[in-house]
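Everything below concerns the one structure shown next.
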Amino acid sequence: MGNKEVLRKNVEELASRVNGTVEEMLDYLVLTVKAPYITETLTAAKNFKETPCDFLHDIAGVDKMDHFEVVYHLTSLRGPQKLRVKAIVDRENPVIDSVTRIWPGANFMEREAYDMFGIQFKGHPNLKRIYLWDDFEGFPLRKDYVTEPPEVRNIMRVRRADE
Amino acid sequence: MADILTEGTEELLLNMGPQHPSMHGVFRMIVHLQGETVTGIEPKIGYLHRGLEKLAESRTYAQFIPYTDRLDYLASPHNNMAYCQAVEKLMGIEVPERAEYLRIILAELARIASHQVFIASAALDMAGWTAWGYPFRDRERILDLFEMVSGSRLTVNCMRIGGISHEPLPEFWPALESFLADMPEKLEEYYNIYLGNEIAQARMKKIGILTKEKAEELSITGPALRASGVQYDVRKAEPYGIYDRFDFDVPVLYGCDTFDRNLIRFMEINESLKIIQQAVRDIPEGPIMAKVPKVIKPPVGEVYHRVENPKGELGFYIVSNGTTKPERVKIRSGTFVNLQCLNEIAVGTYVQDLIASFASLDAVLGEVDK
Amino acid sequence: MDVAKEKELREAEALMEKNVLLTTIDKVLNWGRGHSFWPVTFGLACCAIEMMAAGGPRVDISRFGYEVFRASPRHADVMIVAGTCTRKMAPLLRMIYDQMPEPKWVIAMGSCASAGGPFADSYSMITGVDKIVPVDVYIPGCPPRPESLIYGLLQLQYKVNHPDKVRLLKHGK
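Residue numbers (this note's numbering), protein chains in the order written: chain V, 269 to 431; chain Y, 16 to 385; chain F, 271 to 443.
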């Protein structure tokens, strides 16, 4: 069988184990799961037989109005397989497991998702803001964030002692 | 001997602050030192964070193209191409042949320009003032070529959704031919004053080792990955545009040190010259812009498109909800992810090796901070 | 032909033939300051690359005397803010400005430093660097060509050499 069919079979088998749904969007296979299953899903995806998806490209946060989604893009350095895994996270209390134990390269990417959306990653070694300064209030990329008017933004902020 | 050196020393926190003489921009590192040996690094970024992803939600698809220029400002046609190709994939637009060839010529010229600035600033970080001036002199010729296509030297805004904005002026083609003819001997010159120098070699060989397994775990892409022994290039793995029609190699080196990360960019400039020569030979006549609706409204869906930026892999993840403004644009920049390997390559060495290794990662803060 | 000015020029010419120059101390000091600015390296973003190209071989800033870019603000007298200044960077910009000794000038290069640029309505931007430090010359452009930067520096040289003209404009007289 070709690589695509093997991958599809593997993904559908995994989806039935973790209560996820599989669809295909513009030549990417998309697997949607709920947040508590994410570690199991990603470890299994990294160790697929014949089509392991072992290179993490990107972790993106998306704000759909009633929930957050954390989107992981996986491919492999040794084959043409591509997979997108989406985890549905609750909006009131956004907590999800961190994947830094599987891929240490997820460190900065998860800090960025925390900085922009406020999603807490359990088990991350250093979950602090990365782009904005530490005393910034609010999470900018949420849809209900209102940018402050220029008069407020132009006031020079007070520098903390350790900056 | 080591006991004498570390006995009686306390840990020193050195702040290499956002304003410093190196040419990489506003990057800040807090370096934990024991004497002169580095024991830990905390990179602190965000001093150039302009909020591009939030701005994208209040601009239309075509209005966002100038913002993509300012991401990796040393190779701006490349960023334009990545974004335009992502939107074209989402809408199913097919770009005419002449525009595809022109896009590839501009993208490879941008790659050469970016590597020239890399050579200049890496040499400058090690106080090689002569090696700073030579690449800048030749880069001016590439900027002239950009001006003939788009009118602007640095942040060209020449790609549109569906093709290229302007046809290059008639002076473009003879100038390009003479540039291609002159470049190989200039490359020899750069090698002789920078990498062929004994002092530079002694400062860079066996320093800043990044092994293959660590590089794959930390999601490193671009020349840093290829200098660690993994032959992976997005142009060959998942060809975009018409890259599958060109005949070029992907150089790979196995030294994993700073010297190899510098040398591999020289080899990449050679490959880019080959690609441009083939494109100039094969370019057809024809229109430069496809038939695109006046108001760009992609269907509901999402797309992730990636290209091989000179610094790594640049990816655009666009989520569209059927209106004229995107719902979410996520920019995956190569240097942001590559910065995670600083702890790997510099801990245990001296401060001067840290500077040389960091220069070999080729960080551009516009891309890191978005 | 202004008769008084003509007389002044002829007298000065006669003196110069004997190798004598009459002037005021202020004029000499201003001439010296204006012809050798030492900029402090404050390149933030894309405009910094055009600033480096201005120091490069084709467009040479050195023929005007301005090529000595000092890293330490204590040695410098002009600060060319080239690039986008965000809210996170603003207190550090002020700190560097305060460390420069008098007399000092500021050039805002590019549209991001002059007025916020294309990012003016972002949550992390200040609309122009003149809300933090007093600016003497604004250079518009995105990014301005290196020739524009040289024109801006020459305007600053004119301002330094003719403080009376600038003072008239500033106080509205």
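Think of the CB as a built atom: it goes at the ideal place given N, C-alpha and C, for glycine as much as any other residue.
Check, Outcome
"For F336 (chain V), which of helix, strand or coil comes out of DSSP?", "strand"
"Is the number of C-beta pairs between the stretch 267–275 of chain Y and the stretch 241–255 of chain Y that are closer than 8 Å three or more?", "yes"
"Taking the CB atoms as reference points, tell me whether I420 (chain F) and F334 (chain F) lie closer together than 8 Å.", "yes"
"Does the beta-carbon of D434 (chain F) have 16 or more other beta-carbons within 10 angstroms, so that it is buried, or is it exposed?", "exposed"
"Is G353 (chain F) helix, strand or coil by DSSP?", "coil"
"Output the residue ranges of the beta strand (DSSP E) runs that lie fully inside the stretch 27–109 of chain Y and measure 3 residues or longer, sorted by chain position.", "43–49, 52–59"
"May I ask which residues mark the beginning and end of the beta strand (DSSP E) holding K350 (chain V)?", "350–358"
"Comparing the C-beta of I64 (chain Y) with each C-beta of chain V, is any distance below 8 Å?", "The sequence given here places His at residue 64 (chain Y); Ile does not occur at that position. Answer yes: the Cβ-Cβ gap between H64 (chain Y) and chain V drops below 8 Å somewhere."
"Taking the straight line between their C-alpha atoms, what separation do you get for L195 (chain Y) and C412 (chain F)?", "29 Å"
"For a minimum of 4 consecutive residues, which ranges assigned as the alpha helix (DSSP H) are wholly contained in the stretch 368–422 of chain V?", "375–385, 418–421"
"Quick check for students: name the residue ranges of the alpha helix (DSSP H) that lie wholly in the stretch 333–400 of chain F, counting only runs of 4 or more.", "360–369, 381–385"
"Applying the 10 Å Cβ sphere with the 16-neighbour rule, what's the burial state of K277 (chain F)?", "exposed"
"If distances are taken between C-alpha atoms only, which option among Y:V352, Y:M304, Y:E342, Y:K289 comes closest to K332 (chain V)?", "Y:E342"
"So, with DSSP's three-state summary, where would you put A283 (chain V)?", "helix"
"Quick test of your reading: K345 (chain Y) and A328 (chain V), contact by CB under 8 Å. State the CB separation rounded to the nearest angstrom.", "4 Å"
"Hey, could you find the ends of the alpha helix (DSSP H) K227 (chain Y) is sitting in?", "227–232"
"Determine whether the beta carbon atoms of K302 (chain V) and N315 (chain V) lie at a separation below 8 Å.", "no"
"Drop a sphere of 10 angstroms on the beta-carbon of H305 (chain F), count the other beta-carbons inside from all chains shown, and report buried for 16 or more, exposed for fewer.", "exposed"
"For the beta strand (DSSP E) that contains H320 (chain Y), what are its first and last residues?", "316–324"
"First and last residue of the beta strand (DSSP E) that includes D365 (chain V)?", "363–365"
"Excluding the five sequence neighbours on either side, which residues of its own chain have a C-beta within less than 6 Å of the C-beta of L275 (chain V), listed in chain order?", "T319, Q349"
"Measuring alpha carbon to alpha carbon, tell me which residue in F:P373, F:A282, F:E281 is nearest H345 (chain F).", "F:P373"
"8 Å is my cut-off, CB to CB: does P393 (chain V) come that close to chain Y?", "no"
"Give me the chain Y residues within the contact set of A352 (chain F), using Cβ-Cβ distance strictly less than 9 Å, ordered along the chain.", "Near A352 (chain F) there are no residues of chain Y at all, since even the closest Cβ is about 11 Å away, more than 9 Å."
"For a contact meaning CB atoms closer than 8 Å, what does E337 (chain F) contact in chain Y?", "Ordered by position in chain Y, no residue passes the 8 Å Cβ test against E337 (chain F), which lies about 11 Å from the chain."
"With respect to the alpha helix (DSSP H) encompassing I303 (chain Y), which residues constitute its N-terminal and C-terminal limits?", "No alpha helix (DSSP H) holds I303 (chain Y); DSSP gives it neither H nor E."
"For the pair the stretch 50–64 of chain Y and the stretch 285–297 of chain F, tell me if three or more CB-CB distances fall below 8 Å.", "no"
"Is it true that the stretch 352–359 of chain F meets the stretch 63–76 of chain Y, where meeting means three or more beta-carbon pairs spaced less than 8 Å apart?", "yes"
"Could you check where the alpha helix (DSSP H) with S193 (chain Y) kicks off and where it finishes?", "187–205"
"Measure how close the beta-carbons of L342 (chain V) and V279 (chain V) come, nearest whole angstrom, since I'm counting them as under 8 Å.", "Actually they are not in contact, since the Cβ atoms of L342 (chain V) and V279 (chain V) sit about 11 Å apart, beyond 8 Å."
"How do the stretch 360–380 of chain V and the stretch 227–242 of chain Y stand: do at least 3 beta-carbon pairs fall below 8 Å, yes or no?", "yes"
"Is the shortest distance between the beta-carbon of R357 (chain F) and the beta-carbons of chain V less than 8 Å?", "yes"
"State the DSSP-derived secondary structure class of A125 (chain Y), mapped to helix, strand or coil.", "helix"
"Which residues of chain F have a Cβ atom closer than 9 Å to the Cβ of M384 (chain V), listed in chain order?", "Simply none; closest approach about 11 Å."
"On the premise that K326 (chain Y) lies in contact with D377 (chain Y), defined as a C-beta separation below 8 Å, what is that separation, rounded to the nearest angstrom?", "5 Å"
"Could you tell me if M16 (chain Y) is buried or exposed, where buried requires 16 or more neighbouring beta carbons within 10 angstroms of its beta carbon?", "Low confidence applies here, because M16 (chain Y) scores a pLDDT of 47, under 50, leaving its location unreliable; read the following figure in that light. That one is exposed."
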